[in-house]
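A.B. asks:
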Amino acid sequence: MIMEVEKSRELPPEAKEKQDLVKQVRTLLSTISSAAKDANTSLDNINKQELSVSKGISILDVKYQNKLMYLTNISYLMMKRLHGKQIHGDEAIDRLVTLRTVLERIRPLEQKLKYQIDKYIKIATRGDTNPNDPTSFKANPDMLMMNEEPSDDDEEETGKKKKKDKGEVEVVVYKPPKLSSVHYDGDVSRNEKQAKSLERARKRALSSNLMQELKEEYLDRPMEYSHSSSNTLKNIMSERELARQDYEETYFTRLPLEKKSKKSKFNQLTLNSIGDQVTRFEDLSALHGGGGEDDEDEPSKKRKRIPLIHELLKVIT
1 MIMEVEKSRE LPPEAKEKQD LVKQVRTLLS TISSAAKDAN TSLDNINKQE
51 LSVSKGISIL DVKYQNKLMY LTNISYLMMK RLHGKQIHGD EAIDRLVTLR
101 TVLERIRPLE QKLKYQIDKY IKIATRGDTN PNDPTSFKAN PDMLMMNEEP
151 SDDDEEETGK KKKKDKGEVE VVVYKPPKLS SVHYDGDVSR NEKQAKSLER
201 ARKRALSSNL MQELKEEYLD RPMEYSHSSS NTLKNIMSER ELARQDYEET
251 YFTRLPLEKK SKKSKFNQLT LNSIGDQVTR FEDLSALHGG GGEDDEDEPS
301 KKRKRIPLIH ELLKVIT
């Protein structure tokens, strides 16, 4: 009967809201009191100069000051609401908006400094730095100054001496050897090497300037024009020069050349730009079975002399 009577006595909604508000205020007051105790303890330590705050991070000072002002203004508005006063149009609301904006703008900057802050906190709690700490392996641009900084060998020696003095067990970090990749050709025989070098020499000889001129002179094939930058003299001229030549031949008019164009045209026709194609013909020996990279080591063999023109014509036909 008693339980039924208590259930029948339901509180109105306004009374429930007041009870919830009272509970929230009590919880808030307990939190504020505990925070105030911690703040007073920290202030006492600072006044006794037990904590040095002169060389701290300035952005954290701004953050803490803004948070303190934010809590002060919230407490002021809560006090006005508890006394039944209106807070509409109060200046504290504008101050809260400004402080909230500043705190939101500080958050990304604090994220960028998170690594530095965590590192300083660990150093403050431990009292010394650990050489094997992963946070100490982050890239440091100051270490690139090799002339001013000691070498790695000196640092390792000093580290070993300190560990021996302390009697600690030396922990050596594994460093893989620096090896450069090399093509393995142990399974390739000497004949295969010679065949490959001969094929490369044959390709170079067929694409040489001399072979191109012989094809055009002795064969009845149509003229070939290539857009690639090969080593033939006819392909040295750019498309702009060809258009210029076509215009001059069509209108029988010489176009004036700039100083830069004259210099480039002169350089294209000099021996330095042509290379050793005019003075060296030994690369063509690959077309009749000789040449290659390994022929220098082989003993010279007597061969029947054949006229060069007939031999080259047999190859290109």
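The UniProt record's numbering puts the first residue of the sequence shown at 1, with every later residue one more than the last.
All residues carry an ideal CB built from backbone N, CA and C; glycine is no exception.
In this text, all values refer to a predicted model and were calculated from it rather than measured experimentally.
DSSP on Q19, reduced to helix/strand/coil?
C.D. replies: Helix, per DSSP.
A.B. asks: Using DSSP with H/G/I as helix, E/B as strand and the rest coil, what is T253?
C.D. replies: Looking at T253 - three-state DSSP - the assignment turns out to be coil, as it is neither helix nor strand.
A.B. asks: Would you grab the beta carbon distance between E110 and I59 for me? Rounded to a whole angstrom, and I think it's under 8 Å.
C.D. replies: Contact flag correct, Cβ pair sits at about 7 Å.
A.B. asks: Classify L99 as buried or exposed, calling it buried when 16 or more other Cβ atoms lie within 10 Å of its own Cβ.
C.D. replies: Buried is the call here.
A.B. asks: Just to confirm my understanding: we take S30, look at its own chain, exclude 5 residues before and 5 after, and list those with CB closer than 8 Å. What are they?
C.D. replies: Cβ neighbours of S30 beyond the five flanking positions: none.
A.B. asks: Output the distance between the C-alpha atoms of N40 and V97, rounded to the nearest integer angstrom.
C.D. replies: If I take the Cα positions, the gap works out to 28 Å.
A.B. asks: So N73 and R107 are supposed to be a Cβ contact under 8 Å. How far apart are they, rounded?
C.D. replies: Not really, about 19 Å apart at Cβ, beyond 8 Å.
A.B. asks: In terms of alpha-carbon separation, which member of D61, L71, G56 lies closest to L35?
C.D. replies: Correcting the residue type first, residue 35 is Ala in the shown sequence and not Leu. The shortest C-alpha separation from A35 is found at L71.
A.B. asks: From P177 to I123, what does the alpha carbon distance come to, in whole angstroms?
C.D. replies: Their Cα atoms are separated by approximately 34 Å.
A.B. asks: Rounded to a whole number of angstroms, what is the C-alpha to C-alpha distance between I32 and V171?
C.D. replies: In a straight line, the C-alpha of I32 is about 49 Å away from that of V171.
A.B. asks: Could you check the C-alpha separation between L210 and E217 for me, to the nearest Å?
C.D. replies: In a straight line, the C-alpha of L210 is about 11 Å away from that of E217.
A.B. asks: Just confirm the distance between the C-beta atoms of L103 and I57, as a whole number of angstroms; I'd bet it's less than 8 Å.
C.D. replies: Their Cβ separation, rounded to whole angstroms, is 16 Å, which puts L103 and I57 out of contact at 8 Å.
A.B. asks: When the Cα atoms are used, what is the spatial distance from E282 to K215?
C.D. replies: Because the pLDDT of E282 is 48, which lies under 50, any placement of that residue in the model is unreliable, and the number read from its coordinates should be weighed accordingly. Each residue's Cα considered, the two are about 19 Å apart.
A.B. asks: If L242 and E248 are in contact, beta carbons under 8 Å, what's the gap, nearest whole angstrom?
C.D. replies: Actually they are not in contact, since the Cβ atoms of L242 and E248 sit about 11 Å apart, beyond 8 Å.
A.B. asks: Quick one: grab the DSSP three-state call for E213.
C.D. replies: Of the three classes helix, strand and coil, the one that applies to E213 here is helix, per DSSP.
A.B. asks: Note down, in chain order, each residue of its chain lying with its Cβ closer than 7 Å to the Cβ of G292, except the 5 sequence neighbours on either side.
C.D. replies: The predicted position of G292 is uncertain, since its pLDDT is 48 and thus under 50; no value can be drawn from it.
A.B. asks: From the DSSP output, in three-state form, read off G292 for me.
C.D. replies: Low per-residue confidence applies at G292: pLDDT is 48, beneath 50, and the placement is therefore not dependable, though the value from the model is reported in the following sentence. Three-state DSSP puts G292 in coil, outside helix and strand.
A.B. asks: Taking just the CA atoms, how far does E213 sit from L257?
C.D. replies: Roughly 29 Å separates the two Cα atoms.
A.B. asks: Which term fits S208, buried or exposed, when burial requires 16 or more other beta carbons within 10 angstroms of its beta carbon?
C.D. replies: Under this definition S208 is a buried residue.
A.B. asks: Look at the alpha carbon of R190 and the alpha carbon of S181, and state the distance between them as a whole number of angstroms.
C.D. replies: So the two alpha carbons sit approximately 22 Å from each other.
A.B. asks: By Cβ distance below 6 Å, which residues in the same chain neighbour Q245 in space, the five residues on each side in sequence not counted?
C.D. replies: Here the set comprises nothing.
A.B. asks: CA-CA distance, K80 and R105?
C.D. replies: Cα-Cα distance, rounded: 29 Å.
A.B. asks: Rounded to whole angstroms, what's the CA-CA distance from K67 to D61? Just pull it up for me.
C.D. replies: Their backbone Cα atoms lie some 10 Å apart in a straight line.
A.B. asks: Report buried or exposed for A15, applying the criterion of at least 16 other Cβ atoms within 10 angstroms of its Cβ.
C.D. replies: Exposed, since its Cβ has fewer than 16 Cβ neighbours within 10 Å.
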